[in-house]
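In what follows, a single structure is set out as structure tokens and then discussed.
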Amino acid sequence: MSAATMRDVARLAGVSVKTVSNVVNRTPHVTEATARKVHAAIAELGYRMNFAARSLSLGRTGMIALAVPQLSLPYFAELCDDVVEAAERRGYTVLLEQTGGLREHELAVLASDRRRMTDGLIFSPTGLRAEDGASLEVPFPMVLLGERPLNPDVGHVAMENRAGARAVTEHLLRIGRRRIAVVGSYDTGEVGAGYLRTRGFLDALEAAGVSDDPARHGAATAWTLQDGARAMREILDRADVDAVFALNDVLALGAVRALDDAGRRVPDDVAVAGFDDIREAAFVRPRLTTVNPARREIARRAVDLLVDQVLDPEAPLARGTVSPAHTLMVRESTTG
Numbered sequence: 001m002s003a004a005t006m007r008d009v010a011r012l013a014g015v016s017v018k019t020v021s022n023v024v025n026r027t028p029h030v031t032e033a034t035a036r037k038v039h040a041a042i043a044e045l046g047y048r049m050n051f052a053a054r055s056l057s058l059g060r061t062g063m064i065a066l067a068v069p070q071l072s073l074p075y076f077a078e079l080c081d082d083v084v085e086a087a088e089r090r091g092y093t094v095l096l097e098q099t100g101g102l103r104e105h106e107l108a109v110l111a112s113d114r115r116r117m118t119d120g121l122i123f124s125p126t127g128l129r130a131e132d133g134a135s136l137e138v139p140f141p142m143v144l145l146g147e148r149p150l151n152p153d154v155g156h157v158a159m160e161n162r163a164g165a166r167a168v169t170e171h172l173l174r175i176g177r178r179r180i181a182v183v184g185s186y187d188t189g190e191v192g193a194g195y196l197r198t199r200g201f202l203d204a205l206e207a208a209g210v211s212d213d214p215a216r217h218g219a220a221t222a223w224t225l226q227d228g229a230r231a232m233r234e235i236l237d238r239a240d241v242d243a244v245f246a247l248n249d250v251l252a253l254g255a256v257r258a259l260d261d262a263g264r265r266v267p268d269d270v271a272v273a274g275f276d277d278i279r280e281a282a283f284v285r286p287r288l289t290t291v292n293p294a295r296r297e298i299a300r301r302a303v304d305l306l307v308d309q310v311l312d313p314e315a316p317l318a319r320g321t322v323s324p325a326h327t328l329m330v331r332e333s334t335t336g
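The opening residue of the sequence shown carries number 1 in the UniProt record's numbering; numbering runs sequentially from there.
Set out below in structure tokens:
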């Protein structure tokens with residue numbers, strides 16, 4: 001039995017071949033009722049699009065790129081999963097690239113010949129500076145992730161770093177903790193996740209009239225388990241604490257280990273909270289209170305913004321920053 005064609009789908013659905021093409025390519029101006037008829041016909045016939053033929057006819061590759069700082073960090077590994085899943089729903093595959101968060105590598109991503117292999121780029125830069133904004137004026141569709149709105153003409157999907165950090169710190173204050181340490185604190189003036197989360201922590205303390213003690217700040221340039229444990233040990237050597245806000249979940253897990261080594265019980269002696277809601281956060285003991293930054297929604301919106309640009313290059317570009325709402329995940333590490 002020969003494979004079903006787009007013409008077969010059109011005949012069964014009672015629509016034109018052009019309408020079927022619009023539905024499978026997710027172009028606008030197709031009614032929901034028509035789309036349902038076409039999808040039902042596709043399912044009944046087992047139709048599979050010939051992506052190679054589509055790419056040749058449309059001048060597209062059917063592939064988008066995702067460039068992130070470090071795949072070994074759980075947040076970015078899980079973000080990649082979410083982007084791949086969202087891209088598959090739009091009929092695209094994903095080429096992954098790792099920059100190490102280095103400025104020169106991030107600039108190279110923008111100028112690479114690999115851009116010819118893809119229809120667009122989802123890009124999470126951490127090394128680029130404000131003066132690099134002009135480098136983001138590129139001749140291909142692109143969406144930025146992260147905290148740096150380096151060019152207002154490029155679509156940007158961010159997370160609520162400052163608001164999320166304030167919310168989790170307010171939770172620690174509500175449960176009666178006042179000697180709150182921050183692990184991974186940043187004071188560089190650079191607008192990145194570390195800076196914004198530290199600012200959110202300080203916002204909450206100030207609003208509550210609780211003084212911040214620099215002795216309870218533990219810096220961490222790399223957000224690893226080892227850095228979290230080291231920073232926590234250093235804080236314990238110089239200050240008394242009854243709670244910890246770690247700037248990501250990996251740092252928080254490292255801090256929990258250091259507290260356990262020091263004979264401090266979590267949460268009875270010290271409540272601990274993180275940020276990112278990585279998968280391990282709900283399975284460690286005690287389960288970790290954290291901020292879910294809406295990672296899946298960030299991935300979905302980034303993919304949709306990019307693919308919409310690819311499918312309709314003449315449409316107005318999506319500009320400015322979109323920030324899906326965070327959720328505070330209260331678990332055993334602060335409530336017992």
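Glycine residues also receive a C-beta, built at the ideal position from the N, C-alpha and C atoms.
Using a Cβ-Cβ cut-off of 6 Å (strictly less than) and excluding sequence neighbours within five positions of Ala318, which residues of its own chain qualify? Numbered from 1 along the sequence shown, position 318 holds the residue referred to as residue 318. These residues qualify, in order along the chain: Gly155, Leu305.
Could you name the residues that DSSP lists as bridge partners for Val266? As a working note, residue 266 is residue 266 in the sequence shown. BP columns for Val266 are empty, so no partner.
C-alpha distance - Leu110 paired with Leu96, whole-angstrom precision: For this step, residue 110 is matched to residue 110 along the sequence shown. For this step, residue 96 is matched to residue 96 along the sequence shown. Between Leu110 and Leu96, the C-alpha separation is close to 14 Å.
For Ala243, list the residues DSSP reports as bridge partners. What you label residue 243 is simply residue 243 of the sequence shown in a count that begins at 1. BP columns for Ala243 point to Ile180, Ala271.
The alpha helix (DSSP H) enclosing Leu128, as first and last residue numbers: By one-based count along the sequence shown, residue 128 stands at place 128. No alpha helix (DSSP H) holds Leu128; DSSP gives it neither H nor E.
If you check the beta carbons only, do Tyr75 and Asp276 fall under 9 Å apart? Mapped onto the sequence shown, residue 75 falls at position 75. Mapped onto the sequence shown, residue 276 falls at position 276. Yes, they are a contact pair.
Strictly by DSSP, which residues pair up with Ala204? As a working note, residue 204 is residue 204 in the sequence shown. Answer is none; Ala204 lacks a bridge partner.
In the DSSP assignment, find the unbroken alpha helix (DSSP H) run with Val143 in it and report its ends. Numbered from its first residue, the sequence shown carries residue 143 at position 143. Unbroken run through Val143 is the beta strand (DSSP E), 142-145; no alpha helix (DSSP H).
Taking the C-alpha atoms as reference points, what is the distance between Ser323 and Glu170? Against the sequence shown, residue 323 aligns to sequence position 323. Against the sequence shown, residue 170 aligns to sequence position 170. In a straight line, the C-alpha of Ser323 is about 21 Å away from that of Glu170.
Does the Cβ-Cβ distance between Val68 and Ser124 come in under 9 Å? Locating residue 68 in the sequence shown gives position 68, where the first residue counts as 1. Locating residue 124 in the sequence shown gives position 124, where the first residue counts as 1. Yes; because the gap between Cβ atoms is below 9 Å, this pair is in contact.
Do Thr224 and Gln254 come within 9 Å of each other at the CB atom, strictly closer than that value? For the purposes of this step, residue 254 is identified with residue 254 of the sequence shown, where counting begins at 1. For the purposes of this step, residue 224 is identified with residue 224 of the sequence shown, where counting begins at 1. The sequence as given places Gly at residue 254; Gln does not occur at that position. In this structure, Thr224 lies closer than 9 Å to Gly254 by Cβ.
Could you tell me if Ala52 is buried or exposed, where buried requires 16 or more neighbouring beta carbons within 10 angstroms of its beta carbon? On the sequence shown, position 52 is the one that residue 52 refers to. Low confidence applies to Ala52: its pLDDT is 47, below 50, so where it sits in the model is not reliable, and the reading given next is rough at best. It counts as exposed.
With DSSP as the reference, label Asp98 as helix, strand or coil. Taking the sequence shown and counting its residues from 1, one reaches residue 98 at position 98. Residue identity check: residue 98 is Gln in the sequence provided, not Asp. Strand.
Given a cut-off of 9 Å on the beta-carbon distance, is the pair Glu215 and Val183 in contact? Here residue 215 corresponds to residue number 215 of the sequence shown, with the count starting at 1. Here residue 183 corresponds to residue number 183 of the sequence shown, with the count starting at 1. According to the sequence shown, residue 215 is Ala rather than Glu. Cβ distance not < 9 Å, so Ala215 and Val183 don't count as in contact.
Same chain only: Cβ atoms within 6 Å of Thr289, ignoring 5 sequence neighbours per side: As a working note, residue 289 is residue 289 in the sequence shown. Taken in chain order, the residues that qualify are Ala273, Val330, Arg331, Ser333, Thr334.
Classify Asn22 as helix, strand or coil using the three-state DSSP reduction. One-based indexing of the sequence shown puts residue 22 at position 22. Asn22 falls in the helix class under three-state DSSP.
Within 10 Å of its beta-carbon, does Arg265 have 16 or more other beta-carbons around it, so buried, or fewer, so exposed? Numbered from 1 along the sequence shown, position 265 holds the residue referred to as residue 265. Arg265 should be labelled exposed.
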